[in-house]
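Worksheet for the structure shown next.
Protein chains: 2
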Amino acid sequence: MNMNTRNKKEAVVVFSGGQDSTTCLFWALKRYEKVITVSFDYGQRHKKELQCAKEITDELGVEFHVMDMSLLNQLAPNSLTRGDIDVDEEAPEEGAPNSVVDGRNMLFLTFAAVFAKQRGITDLVTGVSQSDFSGYPDCRNVFVKSLETTLSLAMDYTFCIETPLMWIDKGDVWKLADDLGCLNTIREKTLTCYNGIKGEGCGNCPSCKLRREGYEQFLERYRR
Amino acid sequence: MNMNTRNKKEAVVVFSGGQDSTTCLFWALKRYEKVITVSFDYGQRHKKELQCAKEITDELGVEFHVMDMSLLNQLAPNSLTRGDIDVDEEAPEEGAPNSVVDGRNMLFLTFAAVFAKQRGITDLVTGVSQSDFSGYPDCRNVFVKSLETTLSLAMDYTFCIETPLMWIDKGDVWKLADDLGCLNTIREKTLTCYNGIKGEGCGNCPSCKLRREGYEQFLERYRR
Numbered sequence: 763m764n765m766n767t768r769n770k771k772e773a774v775v776v777f778s779g780g781q782d783s784t785t786c787l788f789w790a791l792k793r794y795e796k797v798i799t800v801s802f803d804y805g806q807r808h809k810k811e812l813q814c815a816k817e818i819t820d821e822l823g824v825e826f827h828v829m830d831m832s833l834l835n836q837l838a839p840n841s842l843t844r845g846d847i848d849v850d851e852e853a854p855e856e857g858a859p860n861s862v863v864d865g866r867n868m869l870f871l872t873f874a875a876v877f878a879k880q881r882g883i884t885d886l887v888t889g890v891s892q893s894d895f896s897g898y899p900d901c902r903n904v905f906v907k908s909l910e911t912t913l914s915l916a917m918d919y920t921f922c923i924e925t926p927l928m929w930i931d932k933g934d935v936w937k938l939a940d941d942l943g944c945l946n947t948i949r950e951k952t953l954t955c956y957n958g959i960k961g962e963g964c965g966n967c968p969s970c971k972l973r974r975e976g977y978e979q980f981l982e983r984y985r986r
Numbered sequence: 763m764n765m766n767t768r769n770k771k772e773a774v775v776v777f778s779g780g781q782d783s784t785t786c787l788f789w790a791l792k793r794y795e796k797v798i799t800v801s802f803d804y805g806q807r808h809k810k811e812l813q814c815a816k817e818i819t820d821e822l823g824v825e826f827h828v829m830d831m832s833l834l835n836q837l838a839p840n841s842l843t844r845g846d847i848d849v850d851e852e853a854p855e856e857g858a859p860n861s862v863v864d865g866r867n868m869l870f871l872t873f874a875a876v877f878a879k880q881r882g883i884t885d886l887v888t889g890v891s892q893s894d895f896s897g898y899p900d901c902r903n904v905f906v907k908s909l910e911t912t913l914s915l916a917m918d919y920t921f922c923i924e925t926p927l928m929w930i931d932k933g934d935v936w937k938l939a940d941d942l943g944c945l946n947t948i949r950e951k952t953l954t955c956y957n958g959i960k961g962e963g964c965g966n967c968p969s970c971k972l973r974r975e976g977y978e979q980f981l982e983r984y985r986r
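Chains as they are written, first to last, in my numbering: chain W, 763 to 986; chain D, 763 to 986.
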């Protein structure tokens with residue numbers, strides 16, 4: 763494997779056990795002969811996220827790795843990594859919500875890339891979305907394309923970052939799951955709720971609201 | 763500070779206590795009003811590296827931070843991070859020596875960038891050199907430029923990565939130190955030796971040989 767060769771048979775999926783990355787996992791399972799999932803443990807309030815991720819991959823018989831990213835806590839004293847700060851109830855009007863760790867996606871994808879190269883894998887799959895970027899600059903397409911180039915230069919290796927959700931909104935993420943035949947798995951087994959409740963969630967946190975709104979969009983667009 | 767503003771008064775220097783990054787530290791001290799150094803602890807065989815780095819910054823009264831990067835060990839079982847593998851006595855003819863952790867510079871610079879942004883600093887200084895790249899693709903200019911763009915996109919912020927040693931060889935790194943008035947500090951206080959001996963080093967490892975050859979080049983070019 764070198765700078766001129768892409769391995770189209772295997773992929774590493776950046777996986778959190780949430781709706782988006784689980785949809786991406788099913789997407790990847792249709793396209794690749796072998797899929798490996800990588801999760802990041804950065805001291806989330808909700809270790810349940812990793813537990814969910816493990817359950818989903820166990821059921822699918824997919825290789826699952828957890829990388830310790832606790833060092834993120836050195837950098838970003840914030841609400842997703844420390845228990846003593848409250849998550850914003852509502853996303854602020856402008857900019858990223860206070861739960862953001864600057865460059866977090868970039869760090870995750872870079873670690874995933876190092877991991878992939880060691881296994882001769884060139885393709886990374888991530889659930890980032892520009893439609894849903896909510897103020898996170900490292901979810902934008904222009905960033906992902908730039909990172910693909912930088913990673914390839916950094917390691918002299920042909921990385922391809924696949925982003926199946928880049929241009930679709932939450933309603934169409936549910937549609938994609940439906941098309942992939944995993945709608946019920948996504949509904950029941952994934953965790954997006956800030957309060958750590960699987961499936962439908964608490965129903966009140968911003969993440970649950972977004973998830974429900976997306977599902978309603980899906981029903982409205984495709985099930986009427 | 764935003765995507766359109768550069769802070770030219772302060773810089774973060776990626777600092778190891780070795781010859782190159784110490785020369786860069788002196789370079790930065792001439793150009794910026796405030797300089798902060800960042801080192802990475804990734805389980806080096808030689809904690810002395812960090813000790814040297816601390817001594818140098820203490821003497822200069824420069825802010826010094828160590829980030830725990832022990833998670834690199836999860837990714838790269840190799841000779842600079844594990845005690846049970848020998849370092850190559852000689853650099854291999856082709857490719858990177860076995861001490862390389864793929865994308866290590868990229869990870870270090872990315873963490874340094876997150877750290878810098880939190881302090882409103884845009885400029886990062888690193889001692890990487892294309893002349894001296896020895897098979898490490900993430901020391902090349904094309905990589906650094908690409909990373910500068912990717913980091914800026916990732917965090918929606920104007921990063922500038924300064925690389926004072928990019929185009930000069932070891933002989934001219936000594937010349938630069940001489941011009942900066944820090945030749946003796948570099949000779950006596952920095953550590954590059956694989957066997958952890960400060961200053962002149964063991965004299966036998968590949969790193970000591972390179973350092974000595976560079977110094978001889980310097981004498982030959984500028985002191986005859």
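Note that beta-carbon positions come from the ideal geometry of N, C-alpha and C, so glycine has one too.
The three-state secondary structure of residue 873/W, taken from DSSP, is helix.
One finds nothing in chain W with a Cβ atom closer than 9 angstroms to the Cβ of residue 790/D; even the nearest lies about 21 angstroms away. Taking 8 angstroms as the CB threshold, residue 912/D lines the interface with chain W.
For the options 797/D, 812/D, 870/D and 820/D, the alpha carbon positioned closest to that of residue 831/D is the one of 870/D. The C-beta of residue 904/W has fewer than 16 other C-beta atoms within 10 Å across all chains shown, which makes the residue exposed.
Residue 805/W and residue 924/D have their C-alpha atoms spaced approximately 33 angstroms apart. Contact annotation for residue 869/W against chain D: 872 [CB-CB distance below 7 angstroms, chain order].
In terms of beta-carbon proximity, residue 774/W stays away from the interface with chain D, with every pair separated by 8 angstroms or more. Residue 944/D and residue 877/D have their C-alpha atoms some 27 angstroms from each other. For residue 809/W, the closest Cβ of chain D is not nearer than 8 angstroms. Under the three-state reduction of DSSP, residue 802/W is assigned to strand. Taking C-beta separations shorter than 7 angstroms and ignoring five residues to either side along the sequence, the partners of residue 913/D in its chain run 872, 875 and 921, following chain order.
Contact check for residue 817/W against residue 971/W fails: the beta carbons are separated by 8 angstroms or more.
Per the coordinates, the alpha-carbon of residue 785/D lies some 42 angstroms from the alpha-carbon of residue 773/W.
For residue 982/W, the enclosing alpha helix (DSSP H) begins and ends at 968-984.
Just so you know, the alpha carbons of residue 865/W and residue 953/D end up roughly 32 angstroms apart. Assignment of residue 928/W by DSSP, reduced to helix, strand and coil, places it in the coil class. Residue environment analysis places residue 819/W among the buried positions, since at least 16 neighbouring C-beta atoms fall within 10 angstroms of its C-beta. For residue 831/W, the three-state secondary structure derived from DSSP is coil. Collapsing the DSSP output to three states places residue 885/D in a strand.
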